[in-house]
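A.B. asks: I have a structure I would like to understand better, so I am pasting it below and will then ask my questions one at a time.
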Amino acid sequence: MADTLKIRVLVRPKSGILDPQGEAVRRALPALGFEGVKTVHIGRLVEMEVESADEIEGMCRRLLANPTIEEYEWEVVR
Amino acid sequence: MGGGTVRIGVTVFPGSNCDRDALYAIQRAGAEPVELWHADANLKGVEAVVVPGGFSYGDYLRPGAIARFAKVMAPLEEFASAGGPVLGVCNGFQVLTEAHLLPGALLRNTHMRFVCSRALVRFESVQTPWTSLFEPGDRLTLPVAHNEGNYFADEKTIAELEDEGRVVLRYMDNPNGSVNDIAGICSEGRNVVGLMPHPERASDPTLGFGEGLKVFESVLSFAGIKA
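Line by line, the protein sequences are chains A and B. Using numbering that gives the first Met the number 0, the letters of the first sequence map in sequence onto residues 0 to 77. Using numbering that gives the first Met the number 0, the letters of the second sequence map in sequence onto residues 0 to 226.
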């Protein structure tokens with residue numbers, strides 16, 4: 000069996016792109032008594048097990064992220 | 000009419016829910032509606048295609064992101080590139096942006112709530128196969144129902160859309176925060192149109208408003224496919 004790599008991809012709204020989810024959470028935190036939160040941005044974490052990391056870049060560009068509105072980074076875990 | 004009935008296709012993905020409405024509107028407009036299953040490898044010889052609203056593939060990942068790779072999308076992209084008329088409504092608009100047949104993207108509504116309402120819209124540029132029976136400045140009330148209807152593109156793209164008269168529809172009272180109140184746009188070739196509001200849900204006066212039918216009648220009178 001081929002070795003398995005664990006990959007972690009982080010996808011998030013590009014800077015400057017409106018992030019209404021993050022903004023809603025930022026406004027909700029003080030309501031729970033958490034003060035001093037300046038910004039909140041919410042993204043998406045994708046964890047994968049793959050045989051090779053060769054194609055991860057293409058997976059990110061073509062499906063996991065929409066480069067029009069999102070940026071991504073990925074790493075091999077461990 | 001008579002022997003030369005125009006055939007118009009409607010794509011059906013798992014989770015599409017406005018496909019029946021679109022098929023009905025096409026029939027009312029006097030064309031023959033044709034279902035195009037997501038796994039179909041060709042467009043069955045139709046002369047125009049509607050990508051309907053709904054929640055294709057459960058909106059997983061991003062609305063339209065999975066549908067964009069359905070089998071039927073390859074012939075559809077070819078059809079669009081060759082100048083064939085394609086209309087994406089709501090989720091269909093999202094699918095067409097994910098497929099890069101239209102620029103930009105539809106973001107979450109700024110207020111974070113699903114909008115299910117009626118929107119007064121104004122026709123801006125009507126030189127598309129789907130809007131040719133309207134006049135610039137025409138106002139229409141159309142149903143809207145979306146969570147990600149907030150049209151976004153970078154400044155350069157927005158400037159291009161505005162300068163080239165590619166904003167087709169604009170909200171009079173913006174329900175979702177879209178840039179420049181944009182409710183609908185067309186492609187550079189003008190044959191691909193994306194609308195967030197639902198003309199197919201406003202195509203029978205029995206249901207309160209029928210003027211959306213003109214979108215489907217427009218494509219019939221469009222020179223290229225006139226019977």
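We treat Cβ as the ideally placed atom computed from N, Cα and C, and that holds for glycine.
Determine whether the Cβ of Glu97 (chain B) lies closer than 8 Å to any Cβ atom of chain A.
C.D. replies: Closer than 8 Å to some Cβ of chain A, the Cβ of Glu97 (chain B) qualifies, so yes.
A.B. asks: Where are the beta strand (DSSP E) runs, 3 residues long or more, that stay fully inside the stretch 30-59 of chain A, in chain order?
C.D. replies: Listed in chain order, they are 43-49.
A.B. asks: Against chain A, with Cβ distances strictly below 8 Å, would Phe92 (chain B) count as a contact?
C.D. replies: Answer no: the Cβ-Cβ gap between Phe92 (chain B) and chain A never drops below 8 Å.
A.B. asks: Since Gly21 (chain A) is in the alpha helix (DSSP H), which residue starts that stretch and which ends it?
C.D. replies: It spans 19-27 - the alpha helix (DSSP H) in which Gly21 (chain A) sits, taken as one unbroken run.
A.B. asks: State the beta-bridge partners of Tyr71 (chain A) as determined by DSSP.
C.D. replies: Beta-bridge pairing links Tyr71 (chain A) to A:Val10.
A.B. asks: What distance in whole Å lies between the Cβ atoms of Ser80 (chain B) and Pro174 (chain B), which are believed to be in contact at a cut-off of 8 Å?
C.D. replies: So it is not a contact: roughly 32 Å between Cβ atoms.
A.B. asks: Would you mind stating whether Phe122 (chain B) and Phe133 (chain B) have Cβ atoms separated by less than 8 Å?
C.D. replies: Yes, the Cβ-Cβ distance between Phe122 (chain B) and Phe133 (chain B) is below 8 Å.
A.B. asks: Enumerate in chain order the residues of its own chain whose CB-to-CB distance from Ala144 (chain B) is below 6 Å, with the five nearest sequence positions on each side excluded.
C.D. replies: Contacts found: Cys115.
A.B. asks: Measure from the alpha carbon of Ala73 (chain B) to the alpha carbon of each residue in B:Val88, B:His99, B:Gln93, then state which is nearest.
C.D. replies: The shortest Cα separation from Ala73 (chain B) among B:Val88, B:His99, B:Gln93 belongs to B:His99.
A.B. asks: Indicate whether at least one CB of chain B lies closer than 8 Å to the CB of Met58 (chain A).
C.D. replies: Not an interface residue.
A.B. asks: Which residues of chain B have a Cβ atom closer than 9 Å to the Cβ of Pro19 (chain A), listed in chain order?
C.D. replies: Within 9 Å Cβ-Cβ: Leu106, Arg107, Asn108, Thr109, His110, Met111, Asn149, Gly176.
A.B. asks: Among the candidates B:Ser15, B:Ala24, B:Leu86, B:Ile25, whose CA atom is the shortest distance from the CA of His37 (chain B)?
C.D. replies: Checked all of B:Ser15, B:Ala24, B:Leu86, B:Ile25; the closest Cα to His37 (chain B) is B:Ser15.
A.B. asks: Quick one: give me the first and last residue of the alpha helix (DSSP H) that Thr250 (chain B) is part of.
C.D. replies: Residue 250 (chain B) is absent from the model: chain B starts at 0 and stops at 226.
A.B. asks: Contact criterion: CB-CB distance below 8 Å. Does Thr67 (chain A) meet it with respect to chain B?
C.D. replies: It does: the Cβ of Thr67 (chain A) has a partner Cβ on chain B nearer than 8 Å.
A.B. asks: Just to confirm my understanding: we take Asn146 (chain B), look at its own chain, exclude 5 residues before and 5 after, and list those with CB closer than 7 Å. What are they?
C.D. replies: Closer than 7 Å at Cβ, skipping near neighbours: Arg107, Asn108, Phe113.
A.B. asks: Please report the Cβ distance between Leu190 (chain B) and Gly83 (chain B), rounded to the nearest whole angstrom; I am assuming they are in contact, meaning their Cβ atoms lie under 8 Å.
C.D. replies: At residue 190 (chain B) the sequence reads Asn, which differs from the Leu that was named. Between Gly83 (chain B) and Asn190 (chain B) the Cβ distance is about 6 Å, and since that is below 8 Å, they are a contact.
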